[in-house]
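Visitor:
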Amino acid sequence: MTGGPHVPGGGAAPPALLLVAHGSRDPRHAATVLALAARVREAAPGTAVSCGFLDFNLPRVADVLGELRAAGHRSAVAVPLLLNRAFHATSDIPKLLAGERARLPELTVWQSEVLGPHPLLTGLLERRLAEANGRPLAGRSDTGVVLASAGTSDPAGRAALEALAERWRRTAGWGAVISAYASASAPDTALAVRALRAEGLRRVVVAPYVIAPGRLPDRITVGAREAGADLLAPVLGAAPELAQVVLHRYRAAASRRRPALPLAG
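First residue of the sequence shown: 32, per this note's numbering; consecutive thereafter.
#1: For S122 and A61, I'd like the C-alpha separation in whole angstroms.
#2: Quick check on the DSSP output: the alpha helix (DSSP H) that includes I209 runs from which residue to which?
#3: With respect to the beta strand (DSSP E) encompassing V80, which residues constitute its N-terminal and C-terminal limits?
#4: Let me confirm a value: L89 is counted as buried when at least 16 other C-beta atoms fall within 10 Å, else exposed. Which label applies?
#5: Within 10 Å of its beta-carbon, does D249 have 16 or more other beta-carbons around it, so buried, or fewer, so exposed?
#6: Could you check what DSSP says for P150 in three-state terms: helix, strand or coil?
#7: Going by C-alpha distance, which of S180, L278, A191, R158 is nearest G254?
#8: Residue range of the beta strand (DSSP E) that A179 falls in?
#9: By the three-class DSSP mapping on this structure, what secondary structure does R116 have?
#10: Pull the bridge partners of V108 from the DSSP assignment, please.
#11: Return helix, strand or coil for V266, following the three-state DSSP convention.
#12: Note down the Cα distance separating L49 from V235, rounded to an integer number of angstroms.
#13: So what does R200 bridge to, in DSSP terms?
#14: Quick check: what's the CA-CA separation for P46 versus W141?
#15: Just tell me which of G188, Y212, A44 has its CA closest to the CA of G7.
#16: Secondary structure at G34, three-state DSSP: helix, strand or coil?
#17: Does DSSP classify R158 as helix, strand or coil?
This is the structure:
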């Protein structure tokens, strides 16, 4: 079933796009998610765009899916607002969507790939650093970058972040790029800044690889300041580049017509 509400001129509407966010007690998180949803909606006229949260905030994912079905939608693509393929993407969200597919058999739901890695996200990291510096950074060969993420205990997720750091170093010409984590793994941001200093790099900058402000991004900020980083970029935020990545993942999943990922075991 891939239909939906009819659009003017005949035919069926495309699958609904559901942004799936973790949620946070920090109100800045939900505000960023809502702003990103608005940007995606603007970039994709004719597509029903909504957002749901796994925890802390409303509306919850299950409620939004119920509303989509009540509005006549027959299909939806759930796009996880995650930059790395770790536990939430491989367990929490597939389990939730599988339950919703059983509860709402008239609504077909696919899960897209996570947002990262993607060249547009690397470009956005570069732009945030340039904004914090007032201009694009020069002297890259003697600049070290801390790629600071929320953190994961998943070895594959950590390996993916480290591969991203190495790829960014190689393609952008930085002196070094190392991963740091606000939780679950080491090093933290402060340790990573100090490690780059110990390598003799003239300048050390911190690039948060997180979408929205919140408790874990605040840890990145504290660590960067504590260790004396020369520059701290803002979070990625509801940027146009991020909206384009969302749409890329949505369209790829819709074209594959793939159901929610099966549960392991």
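Ideal placement from N, C-alpha and C gives every residue a C-beta, glycine not left out.
Guide: Inspection of the coordinates gives the following:
#1: Along the sequence shown, one-based indexing puts residue 122 at 91. Along the sequence shown, one-based indexing puts residue 61 at 30. So the two alpha carbons sit approximately 22 Å from each other.
#2: Indexing the sequence shown from 1 puts residue 209 at position 178. No alpha helix (DSSP H) holds I209; the beta strand (DSSP E) holding it covers 207-212.
#3: Here residue 80 refers to the residue found at position 49 when the sequence shown is read from its first residue. Here the beta strand (DSSP E) through V80 covers 80-84.
#4: The count along the sequence shown starts at 1 and reaches residue 89 at position 58. The residue is exposed, with fewer than 16 neighbouring Cβ atoms inside 10 Å.
#5: If you number the sequence shown from 1, residue 249 lands on position 218. Answer is exposed; the Cβ neighbour count stays below 16.
#6: Mapped onto the sequence shown, residue 150 falls at position 119. DSSP places P150 within a helical segment (H, G or I) once states are collapsed to three.
#7: Along the sequence shown, one-based indexing puts residue 254 at 223. Each of S180, L278, A191, R158 was checked against the Cα of G254, and the nearest Cα belongs to S180.
#8: Within the sequence shown, numbered from 1, the residue matching residue 179 stands at position 148. Per DSSP, A179 belongs to the beta strand (DSSP E) from 174-180.
#9: To locate residue 116, count along the sequence shown from 1; it is residue 85. Correct three-state label for R116: coil.
#10: As a working mapping, residue 108 is identified with position 77 in the sequence shown. In the DSSP output, where bridge partners are listed per residue, V108 has L48, W141.
#11: In the sequence shown, the residue the question calls residue 266 occupies position 235. In this structure, V266 counts as coil in the three-state DSSP scheme.
#12: As a working mapping, residue 49 is identified with position 18 in the sequence shown. As a working mapping, residue 235 is identified with position 204 in the sequence shown. Answer to the nearest angstrom: the Cα atoms are 38 Å apart.
#13: Within the sequence shown, numbered from 1, the residue matching residue 200 stands at position 169. Per DSSP, none; premise fails for R200.
#14: Against the sequence shown, residue 46 aligns to sequence position 15. Against the sequence shown, residue 141 aligns to sequence position 110. Approximately 9 Å between the Cα atoms of the pair.
#15: Coverage of the chain is limited to positions 32 through 296, which leaves residue 7 absent and any answer about it impossible.
#16: Reading the sequence shown from its first residue, position 3 is the one you call residue 34. Bear in mind that a pLDDT of 42 at G34, under 50, signals an unreliable position, so the model cannot answer this.
#17: Mapped onto the sequence shown, residue 158 falls at position 127. Residue state, collapsed to three classes: helix.
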